[in-house]
Amino acid sequence: MKEDLKDIVNIQGEGFLNSYSQIFFSDNRWLAFLLLLVSFLDPYAGTGGALSVIISNLAAQSLGFHSFYIRKGYYGYNSLLVGLGFGLTFNLGAAWFLLIFVAALLTLLFTIAIQGFLFKYSLPYLSIPFLLGIWIVLLASGEFSALGLSERGVYTFNELFAIGGKSLIDGVEWFDSLIGSQCIRTYLYSMGAIFFQYNLLAGILIAAGLLIYSRIAFTLSIFGFSLAWYFYEFIGSDISVLGYSYIGFNYILTSIALGGFFIIPSRWSYLWLLWLLPLVIVVTVSLQQLFAVFRLGVYALPFNIVVITFLYVLKIRGKPGQRLVETKIQHFSPEKNLYYQQVTNDRFFSAEEVPVSLPVMGEWTISQGYHGEHTHKGEWAHAIDLIMTGSGGEQFRGEGFIPRDYYCYEKPVAAPADGTVADLTDGIPDNLIGENNIRQNWGNSIVIRHGENLFSQVSHLKPGSIKVKKGDPVKKGDIIGLCGNSGRSPYPHLHFQLQKTPHIGSKTLHYPLSNYLMKKNGKMSLKTHSVPQKDEKIITTQNHPLFEKAFHFLPGRKLRYEISDHPLKWLKGSHTWEVKTDEYNNSYFECLRTGAVAYFYNNGNIHYFTNFIGTRKSLLYYFYLGFYKVLTGYYHDLTIDDNLPPDKVYGGIRLLLQDFAAPFCIYMKAPYKLSYLLLDEDFYEAKASVKASISKSKKERLEFDIQLSGQCISEFHFRQKNLEFKALCTES
Numbered sequence: 142m143k144e145d146l147k148d149i150v151n152i153q154g155e156g157f158l159n160s161y162s163q164i165f166f167s168d169n170r171w172l173a174f175l176l177l178l179v180s181f182l183d184p185y186a187g188t189g190g191a192l193s194v195i196i197s198n199l200a201a202q203s204l205g206f207h208s209f210y211i212r213k214g215y216y217g218y219n220s221l222l223v224g225l226g227f228g229l230t231f232n233l234g235a236a237w238f239l240l241i242f243v244a245a246l247l248t249l250l251f252t253i254a255i256q257g258f259l260f261k262y263s264l265p266y267l268s269i270p271f272l273l274g275i276w277i278v279l280l281a282s283g284e285f286s287a288l289g290l291s292e293r294g295v296y297t298f299n300e301l302f303a304i305g306g307k308s309l310i311d312g313v314e315w316f317d318s319l320i321g322s323q324c325i326r327t328y329l330y331s332m333g334a335i336f337f338q339y340n341l342l343a344g345i346l347i348a349a350g351l352l353i354y355s356r357i358a359f360t361l362s363i364f365g366f367s368l369a370w371y372f373y374e375f376i377g378s379d380i381s382v383l384g385y386s387y388i389g390f391n392y393i394l395t396s397i398a399l400g401g402f403f404i405i406p407s408r409w410s411y412l413w414l415l416w417l418l419p420l421v422i423v424v425t426v427s428l429q430q431l432f433a434v435f436r437l438g439v440y441a442l443p444f445n446i447v448v449i450t451f452l453y454v455l456k457i458r459g460k461p462g463q464r465l466v467e468t469k470i471q472h473f474s475p476e477k478n479l480y481y482q483q484v485t486n487d488r489f490f491s492a493e494e495v496p497v498s499l500p501v502m503g504e505w506t507i508s509q510g511y512h513g514e515h516t517h518k519g520e521w522a523h524a525i526d527l528i529m530t531g532s533g534g535e536q537f538r539g540e541g542f543i544p545r546d547y548y549c550y551e552k553p554v555a556a557p558a559d560g561t562v563a564d565l566t567d568g569i570p571d572n573l574i575g576e577n578n579i580r581q582n583w584g585n586s587i588v589i590r591h592g593e594n595l596f597s598q599v600s601h602l603k604p605g606s607i608k609v610k611k612g613d614p615v616k617k618g619d620i621i622g623l624c625g626n627s628g629r630s631p632y633p634h635l636h637f638q639l640q641k642t643p644h645i646g647s648k649t650l651h652y653p654l655s656n657y658l659m660k661k662n663g664k665m666s667l668k669t670h671s672v673p674q675k676d677e678k679i680i681t682t683q684n685h686p687l688f689e690k691a692f693h694f695l696p697g698r699k700l701r702y703e704i705s706d707h708p709l710k711w712l713k714g715s716h717t718w719e720v721k722t723d724e725y726n727n728s729y730f731e732c733l734r735t736g737a738v739a740y741f742y743n744n745g746n747i748h749y750f751t752n753f754i755g756t757r758k759s760l761l762y763y764f765y766l767g768f769y770k771v772l773t774g775y776y777h778d779l780t781i782d783d784n785l786p787p788d789k790v791y792g793g794i795r796l797l798l799q800d801f802a803a804p805f806c807i808y809m810k811a812p813y814k815l816s817y818l819l820l821d822e823d824f825y826e827a828k829a830s831v832k833a834s835i836s837k838s839k840k841e842r843l844e845f846d847i848q849l850s851g852q853c854i855s856e857f858h859f860r861q862k863n864l865e866f867k868a869l870c871t872e873s
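Per my numbering, the sequence shown starts with residue 142, numbered consecutively.
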């Protein structure tokens, strides 16, 4: 019972604060506290907003809605806005409290219904529920005689005099005189108006909070408002309307939403705002004329119309663009979204792509790549041919007069990814060496369906070697046949291509392959999604039991590391981490000592850390850095390269300056390297040594010496300029 009550309090507490920060598309705790403070610059508005959030979140939890949405503030922020507007507009009284309750529940129902409708289009509902809620309440209020209109803000100086006398009035006038620019004043008024606070102090506090939370969001707010200001001047519209109607927040919120939140911030997102903001202005001006008939404010309706419409247009594009990139995984920070997008583009396939491996095992050579000199032409250009060679580059042993002389002949061919056999041909005999079967040029072939519009084809298989039939399910790595010499194949080799349709010989598809090693000049490099080139030697990765077990982190597993005799209290002692999964089945470590979490992903061959959240004064942070990317196989002298997001390594003024420049240039790099040094496999136990490093500059490096034994990461030794420690595993 106590645990249930504790969970309810935690959910409601997080949901309450996040309802405030969600107004600016954030889950930043400090921004939430600041916005909460700003809302109480008018105590009645602040009270109305806070009550509305509490009512909505409690109702959502009692109705059984997912705690994730409550925690994030998704069900509370629209009710917050309604409560702020209601509290500012009407006088406090019994009817006031009753209608706050009704308005909050009504807005919650709108929120859930509109969320359900727009969810199928992957579109946000923004503040549409707030608009419906506030309009209905305002239209109905004329019939509620017990609900009196508030006169607060009408006689401002009288109110100030009642609170603090003439000295307070003098102070406010002095403060007001500090900002002479009408543009800046209107910007700050518009900022405050987002929280129904029509004063400069509110605008200054919100702008400061926005700057602390996100440099990109702050610059976008200025950029968007300035564009709108000068556009009004250019077209000769009444610019004073921005001052007395406070509609300028539409341009601020649109700029943040489309410039850096729902779209990855870049120079292209800024350039598109040059076109989108005039649209918001036109929509705003026209709606003002329409809503004046009903004596209603347009509030944030122009922002909602333009943002949702534009996002929908982007989603129905035939092919996602490389310039305007939608945010796939939301980190609730323009900087984090940008940095994460930058590194994941190089690390992973996109969510729409299925990782496809090579259909072979061991070391092979690409005899013909894309746009080959012999075949692989035109609409069939995106294919590779694979052979095996000896130490001198030869393809065969002996004279090479028969197919069996060739190293690749009768070698296993594997399914490159999970799927279902869509088509196959068998029974075509192997050719004599040097001859071609032009009439049945694909030879014995198998086509496997891996997903919507994604099929793989392997061809020139040995007759009678195919081990599957049409309709059979296959798993990645299953042996499906043997390499042969059938079809248009003068010598044994394997033809491999990806395609959009299920037929043998379909037009080919440009598609990168995942998780293979490329061998060049005696050195190997890991390719996670790349297209092999002609003459490259490639090796399909194989797991090693020691690495596979050490990095097999199942939910419930605990790791405990001990650091003894260290002067830093936050490092010294025992550190326990537990493997857990979140609502979306993402795996992560949670540090039971600090509460920090590190998300990870294992694709079967490679362990990745994908994100770290929490204090850097946690051993888990260094575990995240050291094991950022690890191949779960062992290849001597292999070096794995990757890059960490700048915000995970740097800090302070250097990172702040990078944040401002990030949409246009990311100049701070954090390259990661992991080298495989030694594998000792005796009769009793396997041991391995690897080394990882992160370069912050030419003079500053973070280095990790890592030991694996006993089916776990037995120890890791960290060294930096001003910090060094050794962590020993005591439980795995």
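Backbone N, C-alpha and C define an ideal beta-carbon position, used for all residues, glycine too.
Burial state of residue i (16 or more Cβ within 10 Å)
{"i": "Val223", "result": "buried"}
{"i": "Val150", "result": "exposed"}
{"i": "Lys758", "result": "exposed"}
{"i": "Asp723", "result": "exposed"}
{"i": "Val790", "result": "buried"}
{"i": "Ala235", "result": "exposed"}
{"i": "Ile794", "result": "exposed"}
{"i": "Ser655", "result": "buried"}
{"i": "Asp183", "result": "buried"}
{"i": "His777", "result": "exposed"}
{"i": "Phe298", "result": "Only weak support is given to the placement of Phe298: the predicted model assigns it a pLDDT of 47, under 50, and the value that follows is read from those uncertain coordinates. The residue is exposed, with fewer than 16 neighbouring Cβ atoms inside 10 Å."}
{"i": "Gly389", "result": "buried"}
{"i": "Pro614", "result": "exposed"}
Test item: CB-CB of residue i and residue j under 9 Å
{"i": "Leu240", "j": "Ser197", "result": "no"}
{"i": "Arg734", "j": "Thr717", "result": "yes"}
{"i": "Pro633", "j": "Ile754", "result": "no"}
{"i": "Gly774", "j": "Phe857", "result": "no"}
{"i": "Phe336", "j": "Ala173", "result": "no"}
{"i": "Ile405", "j": "Val466", "result": "yes"}
{"i": "Lys814", "j": "Glu841", "result": "no"}
{"i": "Thr395", "j": "Val439", "result": "no"}
{"i": "Phe444", "j": "Leu267", "result": "yes"}
{"i": "Phe372", "j": "Pro419", "result": "yes"}
{"i": "Ile747", "j": "Leu667", "result": "yes"}
Supposed close pair residue i, residue j - CB separation, criterion 8 Å
{"i": "Arg464", "j": "Trp409", "result": "4 Å"}
{"i": "Phe227", "j": "Ala244", "result": "6 Å"}
{"i": "Pro604", "j": "Pro570", "result": "6 Å"}
{"i": "Asp526", "j": "His636", "result": "6 Å"}
{"i": "Pro673", "j": "Ile679", "result": "5 Å"}
{"i": "Ser834", "j": "Leu843", "result": "7 Å"}
Alpha carbon of residue i to alpha carbon of residue j, nearest angstrom
{"i": "Lys477", "j": "Gly792", "result": "13 Å"}
{"i": "Val554", "j": "Leu368", "result": "60 Å"}
{"i": "Leu301", "j": "Gly344", "result": "Unreliable placement is indicated for Leu301, whose pLDDT of 49 sits below 50; no coordinate value is reported for it."}
{"i": "Leu280", "j": "Gly274", "result": "10 Å"}
{"i": "Ser180", "j": "Ile357", "result": "24 Å"}
{"i": "Leu442", "j": "Thr566", "result": "60 Å"}
{"i": "Tyr550", "j": "Arg212", "result": "59 Å"}
{"i": "Tyr385", "j": "Asn340", "result": "Any answer about Tyr385 is weak, because its pLDDT of 49 lies below 50 and its placement is not dependable; what the coordinates show is given next. One C-alpha to the other measures close to 12 Å."}
{"i": "Phe285", "j": "Leu412", "result": "48 Å"}
{"i": "His693", "j": "Gln482", "result": "26 Å"}
{"i": "Pro686", "j": "Ser263", "result": "41 Å"}
{"i": "Ser830", "j": "Pro557", "result": "31 Å"}
{"i": "Leu175", "j": "Gly333", "result": "12 Å"}
{"i": "Trp875", "j": "Tyr453", "result": "No answer is possible for residue 875: the residues shown for the chain start at 142 and end at 873."}
Any non-hydrogen atom of the ligand NAD within 8 Å of residue i CB
{"i": "Leu414", "result": "Inclusion of the ligand NAD in the displayed structure is not the case, the ligand content being empty and no account of it being possible."}
Review point. If you pair each beta-carbon of the region 192-204 with each one of the region 168-177, do three or more pairs fall below 8 Å?
Key: no
Review point. Contact between the region 509-526 and the region 535-544: three or more CB pairs below 8 Å?
Key: no
Check your understanding: Okay, do the region 150-157 and the region 202-218 touch, 3+ Cβ pairs below 8 Å being the bar?
Key -> yes
Review point. Looking at C-beta atoms only, is the number of pairs between the region 802-822 and the region 711-719 that lie closer than 8 Å three or more?
Key: No: the two stretches stay apart, fewer than three of their Cβ pairs being nearer than 8 Å.
Practice item. For the region 782-796 and the region 730-744, state whether three or more C-beta atom pairs, one from each stretch, are separated by less than 8 Å. Key: no
Exercise for review: Pair every Cβ in the region 420-429 with every Cβ in the region 487-506, then say whether three or more of these pairs are closer than 8 Å.
Suggested key: no
Point to revise | Cβ pair count under 8 Å reaching 3, the region 362-376 against the region 322-330 | key: yes
Review point. Is there contact between the region 606-623 and the region 645-653, where contact requires at least three CB pairs shorter than 8 Å?
Key: Cβ pair count under 8 Å is below three, so no.
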